[in-house]
Amino acid sequence: MGANEEINISVHGKPKPDVICSNMDLSGPREMIELPDNKPGVSRYILRINGVTSNDLGEHTCSATNKFGSDYKYLTFTLAPSKPEVVSPPYSSHADYYLLGWRSMSKSPMRNATFKIKSYSDDTATEDTRTISLNDPMVARGNTTSDEIQEFWHHLANLAYNSEHTVHIRACNEYACTEFDLQIPDVKFKTLKDSSYKIDPSLLLIPPTASLRAAAFLQGNGSELSKTVSTLFTLLALTFALNL
1095 MGANEEINIS VHGKPKPDVI CSNMDLSGPR EMIELPDNKP GVSRYILRIN
1145 GVTSNDLGEH TCSATNKFGS DYKYLTFTLA PSKPEVVSPP YSSHADYYLL
1195 GWRSMSKSPM RNATFKIKSY SDDTATEDTR TISLNDPMVA RGNTTSDEIQ
1245 EFWHHLANLA YNSEHTVHIR ACNEYACTEF DLQIPDVKFK TLKDSSYKID
1295 PSLLLIPPTA SLRAAAFLQG NGSELSKTVS TLFTLLALTF ALNL
């Protein structure tokens, strides 16, 4: 709350559309200004929301209109963090363990995370829910390119061997939480069939080390990390398309 946010808006159309953002306080230091653009049929704007308040939260609509019609884009302002993004590879080199790494975008500190773990083997299915404080010393923080991107690594131990596992993540900051997506898991992996390949118990006594995280990527043949940076509101740039 109280932060200053900027939203980029691109509008494509001839003749030049009129752009209006409704249900949004643009008085005082708040404004929507047009930026120069040399591309024919393209108009660019920047929407500045200075001093965010609780009145700004919720859904807002921006419209672009010319003689050919109108197009609409919807913005939802929220204090909740962005949907968690798993950055660990979908692979386990153990029969009973997975090293989970994930990140979320939030200007306020992340507080806790809940993992809903579903396990499937032959005709059986089990479910386990674990809630973890992100201030727990057993949670490792990853390095990111932005203060708004917060990354965490966790030991997921005591998993069933030779089983397929899905993990659904719910993350909370000091204001709000994301919601579980129970239709699409955040990550899916399978533990090894040979139950002798168990995690070294001594590794579970310390938070996931940098070397352990690096080994997970090597064993999983690597993984491309997302480089997306977002604001507190996780708003994407808007693009309108009207008859060119």
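In the numbering used here, the protein residues as written are 1095 to 1338. Cβ coordinates follow ideal geometry from the N, Cα and C atoms, glycine included.
Cβ-based burial, residue i [other Cβ within 10 Å; buried from 16]
i: Asn1132; result: exposed
i: Asp1165; result: buried
i: Ala1158; result: buried
i: Tyr1168; result: exposed
i: Phe1162; result: exposed
i: Ile1243; result: buried
i: Ile1127; result: exposed
i: Ile1278; result: exposed
i: Thr1272; result: buried
Where residue i falls: helix, strand or coil (DSSP)
i: Asn1267; result: strand
i: Ala1158; result: strand
i: Leu1194; result: strand
i: Leu1276; result: coil
i: Leu1297; result: helix
i: Leu1151; result: coil
i: Leu1129; result: strand
i: Arg1307; result: helix
Opening and closing residue of the beta strand (DSSP E) in which residue i lies
i: Thr1303; result: Unbroken run through Thr1303: none, as it is neither H nor E.
i: Leu1250; result: Ile1243 to Leu1250
i: Ser1341; result: Any answer about residue 1341 is impossible in this case: the structure gives the chain only from 1095 up to 1338.
i: Ala1097; result: Looking at the DSSP string, Ala1097 is not in any beta strand (DSSP E), and its letter there is neither H nor E.
i: Tyr1168; result: Gly1163 to Phe1171
i: Gly1236; result: Ala1234 to Gly1236
i: Tyr1139; result: Val1136 to Ile1143
i: Ala1219; result: Thr1218 to Ser1227
Whole-Å CB distance - residue i paired with residue j, under 8 Å assumed
i: Phe1171; j: Asp1150; result: 5 Å
i: Ser1186; j: Phe1283; result: 5 Å
For this session: Indicate whether the contact test is met: 3 or more Cβ pairs, each with one atom in the region 1198-1207 and one in the region 1293-1300, closer than 8 Å.
Result: Here the region 1198-1207 does not lie against the region 1293-1300, with fewer than 3 beta-carbon pairs under 8 Å apart.
For this session: Would you be able to state if there are at least three C-beta pairs under 8 Å between the region 1134-1145 and the region 1098-1106?
Result: Yes, they touch.
Exercise. If you pair each beta-carbon of the region 1208-1226 with each one of the region 1170-1184, do three or more pairs fall below 8 Å?
Worked result: As far as the Cβ criterion goes, the region 1208-1226 does not touch the region 1170-1184, which means the pair count is below three.
Exercise. Pairing CB atoms from the region 1260-1269 with CB atoms from the region 1168-1178, are three or more of them under 8 Å?
Worked result: The region 1260-1269 is in contact with the region 1168-1178.
Exercise. For the 8 Å Cβ check, are there 3 or more pairs between the region 1229-1241 and the region 1283-1290?
Worked result: Contact check between the region 1229-1241 and the region 1283-1290: fewer than three CB pairs, one atom from each, fall below 8 Å, which does not count as touching.
Exercise. At a cut of 8 Å, does the region 1234-1241 reach the region 1206-1215 through at least three beta carbon pairs?
Worked result: Proximity of the region 1234-1241 to the region 1206-1215 falls short of the contact definition, fewer than three beta-carbon pairs being nearer than 8 Å.
Exercise. Does the region 1301-1310 come within contact of the region 1245-1256, defined as at least 3 CB pairs closer than 8 Å?
Worked result: With a cut-off of 8 Å, the region 1245-1256 and the region 1301-1310 count as touching, because enough Cβ pairs lie within range.
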